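Peer 1:
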Amino acid sequence: MREGRRRLEYQKQQKHYHRHEAKKSVDTDPRRHTTSPVMSSGGYSDRNSNPSISQSQQQLPAAVRYHPHQQVPSVGCSPRSSPAGLNRVKPPPMAACSTPPLAAAARLPTSSPMCNTPNSSGSRNSYDMKEESKNIQIATQLFYNHDVKNKGRLTAEELQKLLQNDDCTHFCISAIDSLINLFGATRFGTINQSEFVSLYKRVKYWRKVYVDNDINGSYTISVSEYHNSLQELGYLIPFEVSERIFDQYAEFINHNFNGKELKFDKFVESLVWLMRLTKCFRKFDENQEGTATIHYKDFIDATLYLGRFLPH
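Residues in the sequence shown are numbered consecutively from 1, following the UniProt record's numbering.
Take a look at the structure:
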């Protein structure tokens, strides 16, 4: 009896010992404590690096900028030469009035710098606040100067008289319509005063980018300058894609230049279309990774919608 009890106690001790050793070996296994690698995000920002950058933008590859005189992988476009003795003068982009001309704001496709963000102390930067107040004051004065019928809304014709290219020609009607469709919430073919303030600040920044990339001061931009403008605005797309968009909106303007060029009104029109395209894509990019799965019906609907805003 005693030997039987001793044998049972010895067997229990052996089982307990083996269980303890097995648990110890599992806890010390280094494979159980290895963390998964973390994906680092790539750069996707404007020249001034705005906040609220989506993950889909952060994972896009770094872009390549082309000098306007550099030979680029373009078909049928020769490098443009700088006009001899041309002094760069910036004519006012709007019709003459008692208020200062149009010139800087907005940001795309990331959040716009027009929306001032609080600093660490919780108050907005004083310079940004002054600039914002100045923009509102100028835009409001421009609005009432051109609201001929005093209806509190600008028609397409009134807005066209207000907006000008750098060569003092008025915006084409297709560019005017695209701006009204984008900023006019009522969809009546007109914009009110608050909508015009938003339009003013957006177009003002676009013009700054346009002028900065018009290297030779010709008041038009070439395909390489257009590509650089898109990079500055945050559209880190290949040169070939920029070239296709450019070809949709550019025109043969200068007989001395063998290739199409883009005036400011068409530049604005192309950016409005890019805004719509980006917004449409993000509806299907559920994980914000820069890729999207789209059903055939949704693809047709999106194509028909975006096709309405392409130049005809």
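Cβ coordinates follow ideal geometry from the N, Cα and C atoms, glycine included.
No experiment lies behind these values; they were computed from the predicted model shown.
1. Using beta-carbon positions only, say whether T220 and E261 come within less than 8 angstroms of one another.
2. Using a Cβ-Cβ cut-off of 8 angstroms (strictly less than) and excluding sequence neighbours within five positions of V268, which residues of its own chain qualify?
3. To the nearest angstrom, how far is the alpha carbon of L271 from that of F252?
4. In angstroms, rounded to a whole number, what distance separates the CA positions of residue 340 and F264?
5. Report the rounded CA-to-CA distance for Y235 versus A292, giving the unit in angstroms.
6. Indicate whether residue 314 and K208 have their beta-carbon atoms separated by less than 8 angstroms.
7. In its own chain, which residues sit with a C-beta less than 8 angstroms from the C-beta of A156, not counting the 5 before and 5 after it?
8. May I ask you to list the residues that DSSP assigns as paired with R153?
9. I need the DSSP call for L236, collapsed to helix, strand or coil.
10. Roughly how many whole angstroms lie between the Cα atoms of Y296 and H146?
11. Can you tell me where the alpha helix (DSSP H) holding V272 begins and where it ends?
12. Where do the ends of the alpha helix (DSSP H) carrying A302 lie?
13. When the Cα atoms are used, what is the spatial distance from Q137 to N165?
14. Could you compute how far the alpha carbon of K279 sits from the alpha carbon of L163?
15. If you drop the 5 nearest sequence neighbours on each side, which residues of the same chain put their C-beta closer than 7 angstroms to that of F143?
16. Among all the DSSP beta bridges, which residues are the ones paired with I221?
17. Pull the bridge partners of E251 from the DSSP assignment, please.
18. Quick check on the burial criterion: 16 or more other C-beta atoms within 10 angstroms. Buried or exposed for A185?
19. Could you please give the first and the last residue of the uninterrupted alpha helix (DSSP H) stretch that includes F143?
20. Nearest-angstrom Cα distance between W273 and Y127?
21. Would you verify that the beta carbon of M275 is, or is not, closer than 8 angstroms to some beta carbon of chain B?
22. Given this structure, state the Cα-to-Cα distance separating D285 from V148, to the nearest angstrom.
23. Secondary structure at Q164, three-state DSSP: helix, strand or coil?
Peer 2: According to the data block:
1. Numbered from its first residue, the sequence shown carries residue 220 at position 220. Numbered from its first residue, the sequence shown carries residue 261 at position 261. The answer is yes: Cβ separation under 8 angstroms.
2. Within the sequence shown, the letter at position 268 stands for residue 268. Excluding sequence neighbours, V268 sits near F171, A175, S178, L179, V203, W206.
3. Within the sequence shown, the letter at position 271 stands for residue 271. Within the sequence shown, the letter at position 252 stands for residue 252. Near 20 angstroms, if we compare the C-alpha coordinates of F252 and L271.
4. Missing from the structure shown is residue 340; the chain here goes from 1 to 312 and no further.
5. On the sequence shown, position 235 is the one that residue 235 refers to. On the sequence shown, position 292 is the one that residue 292 refers to. Roughly 17 angstroms between the two C-alpha positions.
6. The chain is shown from 1 up to 312; residue 314 falls before or after that span and cannot be answered.
7. Here the question's residue 156 lines up with position 156 in the sequence shown. Here the set comprises I173, I176, D177, I180, G189, T190.
8. If you number the sequence shown from 1, residue 153 lands on position 153. Beta-bridge pairing links R153 to N192.
9. If you number the sequence shown from 1, residue 236 lands on position 236. Looking at L236 - three-state DSSP - the assignment turns out to be coil, as it is neither helix nor strand.
10. Position 296 of the sequence shown, counted from the start, is the residue given in the question as residue 296. Position 146 of the sequence shown, counted from the start, is the residue given in the question as residue 146. Taking the straight line joining both Cα atoms gives about 46 angstroms.
11. In the sequence shown, residue 272 corresponds to position 272, counting from 1. Residues 264-284.
12. Taking the first residue of the sequence shown as 1, we reach residue 302 at position 302. Element bounds for A302: 296-307.
13. In the sequence shown, the residue the question calls residue 137 occupies position 137. In the sequence shown, the residue the question calls residue 165 occupies position 165. Q137 and N165: Cα-Cα distance of roughly 22 angstroms.
14. As a first step, residue 279 is located in the sequence shown; it is residue number 279 there, counting from the start. As a first step, residue 163 is located in the sequence shown; it is residue number 163 there, counting from the start. Their Cα atoms are separated by approximately 26 angstroms.
15. The count along the sequence shown starts at 1 and reaches residue 143 at position 143. Excluding positions up to five away in sequence, the list reads L154, Q193, F196.
16. If you number the sequence shown from 1, residue 221 lands on position 221. I221 is bridged to L262.
17. Residue 251 sits at position 251 when you count from the first residue of the sequence shown. Answer is E261, bridged to E251.
18. Translated into positions along the sequence shown, residue 185 becomes position 185. So A185 ends up on the exposed side.
19. The residue given as residue 143 occupies position 143 in the sequence shown. Its alpha helix (DSSP H) spans residues 126-146.
20. By one-based count along the sequence shown, residue 273 stands at place 273. By one-based count along the sequence shown, residue 127 stands at place 127. Cα to Cα, W273 sits roughly 32 angstroms from Y127.
21. The structure shown contains no chain B; it holds only a single protein chain.
22. Looking up residue 285 in the sequence shown gives position 285. Looking up residue 148 in the sequence shown gives position 148. Computed Cα separation, rounded: 44 angstroms.
23. Against the sequence shown, residue 164 aligns to sequence position 164. Strand.
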